[in-house]
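Its first residue numbered 19, the sequence shown is counted upward by one per residue in the working numbering. Quick reminder that beta carbons are idealized off the backbone N, C-alpha and C, glycines included. Computed from a predicted structure; not experimentally measured. Read through the structure below, which is laid out as structure tokens, and then see the notes.
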Amino acid sequence: MPGNGEAVTRRTEARGEGESGVVLSRRVVILFAVACGAAVANVYFSQPLLVTMGHDLALSPALVGSVVTLTHVGYGLGLFFLVPLGDVANRRRLIVAQLLLLVVALAAVATARTAAVLLAGMAATGLLAVVTQTLVAFAASLAPPAGRGRVVGLVTSGVVSGILLARTVSGLLADLAGWRSVYLASASLTALLAVVLHRVLPRHGAAPATDLNYRQLLLSTVTLFARERLLRLRALFCLLVFAAFSTLWSSVALPLSEAPYFLSHSAIGALGLIGVAGALAATVAGRLNDRGLSGRTTGLALALLAVSWLPLAFTRSSFWALVVGVVLLDLAVQAVHVTNQTLIYALHPDAGSRLIGGYMVFYSIGSATGAFAATALYAAAGWGAVCALGAAFSGAGLALWALTRHRAPHPAADPAPAGATRPTAPNAE
Numbered sequence: 019m020p021g022n023g024e025a026v027t028r029r030t031e032a033r034g035e036g037e038s039g040v041v042l043s044r045r046v047v048i049l050f051a052v053a054c055g056a057a058v059a060n061v062y063f064s065q066p067l068l069v070t071m072g073h074d075l076a077l078s079p080a081l082v083g084s085v086v087t088l089t090h091v092g093y094g095l096g097l098f099f100l101v102p103l104g105d106v107a108n109r110r111r112l113i114v115a116q117l118l119l120l121v122v123a124l125a126a127v128a129t130a131r132t133a134a135v136l137l138a139g140m141a142a143t144g145l146l147a148v149v150t151q152t153l154v155a156f157a158a159s160l161a162p163p164a165g166r167g168r169v170v171g172l173v174t175s176g177v178v179s180g181i182l183l184a185r186t187v188s189g190l191l192a193d194l195a196g197w198r199s200v201y202l203a204s205a206s207l208t209a210l211l212a213v214v215l216h217r218v219l220p221r222h223g224a225a226p227a228t229d230l231n232y233r234q235l236l237l238s239t240v241t242l243f244a245r246e247r248l249l250r251l252r253a254l255f256c257l258l259v260f261a262a263f264s265t266l267w268s269s270v271a272l273p274l275s276e277a278p279y280f281l282s283h284s285a286i287g288a289l290g291l292i293g294v295a296g297a298l299a300a301t302v303a304g305r306l307n308d309r310g311l312s313g314r315t316t317g318l319a320l321a322l323l324a325v326s327w328l329p330l331a332f333t334r335s336s337f338w339a340l341v342v343g344v345v346l347l348d349l350a351v352q353a354v355h356v357t358n359q360t361l362i363y364a365l366h367p368d369a370g371s372r373l374i375g376g377y378m379v380f381y382s383i384g385s386a387t388g389a390f391a392a393t394a395l396y397a398a399a400g401w402g403a404v405c406a407l408g409a410a411f412s413g414a415g416l417a418l419w420a421l422t423r424h425r426a427p428h429p430a431a432d433p434a435p436a437g438a439t440r441p442t443a444p445n446a447e
């Protein structure tokens, strides 16, 4: 395999090249997608394995629950403290370094013999799994402006697939070879990806030009949110749609494990295969954004998200209603997510990692809110209350879009530097 990305990229003077002067081939975009999916899956592998982990290490119920919590806390911290480094460091080297450190964290989890080692390894795994967002920002920076939505959509489809298939893969591997095999396999795959990405990712355009120190970098992330109304608006959309997403996926195992289904953990995990249909929405939404249809795409997707809770409400009486609801919900969430990322990156491509890292903090907040509220509501009032909660999050997102769709600023065709102001235009919500 040729080094320096010669097999998958080329320097060009042709019209439509990205800011870096590198044109991405479809193969390298697919590699970005695979790497993103493999990295983010590490955040979700533990969910079907908690009981087995607890028995193996003699963990108390409280410590078992903290496995997931610490992983997500680590991920949230990484979004704010690590992802912005992509705007000052050589992204190629940063990605490879994070992947190699992730291998160490995964190996620690796989070989843990005490609760302390396991919990530290899970926290480190979450922290380093944010390499996913560094990859998204790097892909966006290499893409030509006219095709950025398509590239972000394809890469995000890998993220979607990783999230949804993680539970299925971990359940199957654990059944075959024990829970530790999940993390050993992931460590091996991550090491392989580090080697491949080191050879394939382009050296050119991998080092953003900025003289900010680390403290200034973090402060500028906050400043971007204070200055950019579109960023704040899209972050709110992110919070609401992923609160709805988490409301479903954090609680759907509860009714499926009861009458009339009594499904096994492996069978419930396989439901993620249905949700992968959402990856299709990521690629379609990206192309619609490239055509200037971000507003319509957002409105239609949010309406679809609200409607999805109607069939989901009939989950107990019809498995096919659940299937329809899952497909609609995942299509809607990913369409909004890709639209958000495409628009916010266009605000300041020179600050792409900070924009995406800060934006994804709202993803974490929304996901945590939906998971906590859904499980508490299910225990108190049942599945109907959970569906009402999901519909409320979805309806709030649709209402926010309706109220702001004629007043939201639009990224300029030629993005302004991070300290400059920009004109506004209607219908860019």
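Beta-carbon proximity list for Trp-261, same chain, < 6 Å, skipping 5 on both sides: By 1-based counting over the sequence shown, the position of residue 261 is 243. First, the amino acid is wrong: residue 261 is Ala here, not Trp. Taken in chain order, the residues that qualify are Gly-384, Thr-387, Gly-388 and Phe-411.
Buried versus exposed call for Arg-252 [16 or more other C-beta atoms within 10 Å across all chains shown]: Residue numbering aside, residue 252 sits at position 234 when the sequence shown is read from its first letter. With 16 or more other Cβ atoms within 10 Å, it is buried.
Rounded distance between the beta-carbons of Val-114 and Leu-210, thought under 8 Å: Here residue 210 refers to the residue found at position 192 of the sequence shown. Here residue 114 refers to the residue found at position 96 of the sequence shown. With 8 Å as the limit, Leu-210 and Val-114 do not qualify as a contact, their Cβ atoms being about 12 Å apart.
Pairwise C-alpha distance: Val-122 and Thr-27: What you label residue 27 is simply residue 9 of the sequence shown in a count that begins at 1. What you label residue 122 is simply residue 104 of the sequence shown in a count that begins at 1. At Thr-27, the pLDDT of 37 sits below 50, so the modelled position is not reliable; the number obtained from the coordinates is stated separately. Straight-line Cα distance between these residues: approximately 30 Å.
For Gly-304 and Val-354, believed in contact at Cβ under 8 Å, the rounded distance: Mapped onto the sequence shown, residue 354 falls at position 336. Mapped onto the sequence shown, residue 304 falls at position 286. Not quite, the Cβ-Cβ distance comes to about 12 Å (not below 8 Å), so this is no contact.
Where Ser-175 falls: helix, strand or coil (DSSP): Here residue 175 refers to the residue found at position 157 of the sequence shown. Looking at Ser-175 - three-state DSSP - the assignment turns out to be helix.
Inter-residue spacing [alpha-carbon to alpha-carbon] between Thr-132 and Ala-142: For this step, residue 132 is matched to residue 114 along the sequence shown. For this step, residue 142 is matched to residue 124 along the sequence shown. Their Cα atoms are separated by approximately 16 Å.
Where Trp-197 falls, given that 16 or more other Cβ within 10 Å makes a residue buried: Numbered from its first residue, the sequence shown carries residue 197 at position 179. Classification for Trp-197: buried.
Inter-residue Cα distance where the pair is Leu-100 and Leu-395: Taking the first residue of the sequence shown as 1, we reach residue 100 at position 82. Taking the first residue of the sequence shown as 1, we reach residue 395 at position 377. Leu-100 and Leu-395 have their alpha carbons spaced roughly 34 Å apart.
Glu-447 - DSSP class collapsed to helix/strand/coil: Locating residue 447 in the sequence shown gives position 429, where the first residue counts as 1. Only weak support is given to the placement of Glu-447: the predicted model assigns it a pLDDT of 47, under 50, and the value that follows is read from those uncertain coordinates. Reduced to three states, the DSSP call for Glu-447 is coil.
Beta-carbon proximity check, Leu-340 vs Thr-333, cutoff 7 Å: If you number the sequence shown from 1, residue 340 lands on position 322. If you number the sequence shown from 1, residue 333 lands on position 315. The Cβ atoms of Leu-340 and Thr-333 lie closer than 7 Å to each other.
Rounded distance between the beta-carbons of Tyr-201 and Ala-128, thought under 8 Å: As a position in the sequence shown, residue 128 is number 110, starting the count at 1. As a position in the sequence shown, residue 201 is number 183, starting the count at 1. Confirmed, Cβ separation roughly 4 Å.
Cα-Cα separation, Leu-120 to Ala-147: Along the sequence shown, read from residue 1 onward, the residue named residue 120 stands at position 102. Along the sequence shown, read from residue 1 onward, the residue named residue 147 stands at position 129. Rounded to whole angstroms, Leu-120 to Ala-147 spans 7 Å at the Cα level.
Leu-274 classed as buried or exposed, judged by whether at least 16 other C-beta atoms fall within 10 angstroms: As a working mapping, residue 274 is identified with position 256 in the sequence shown. Classification for Leu-274: buried.
From Ala-350, Asp-105, Leu-249 and Thr-89, residue whose alpha carbon lies closest to that of Asp-229: Within the sequence shown, numbered from 1, the residue matching residue 229 stands at position 211. Nearest option by C-alpha distance: Asp-105.
With 16 other Cβ atoms within 10 Å as the buried cut-off, status of Glu-246: Against the sequence shown, residue 246 aligns to sequence position 228. So Glu-246 counts as buried.
Distance, Val-135 Cα to Phe-156 Cα: On the sequence shown, position 138 is the one that residue 156 refers to. On the sequence shown, position 117 is the one that residue 135 refers to. Each residue's Cα considered, the two are about 32 Å apart.
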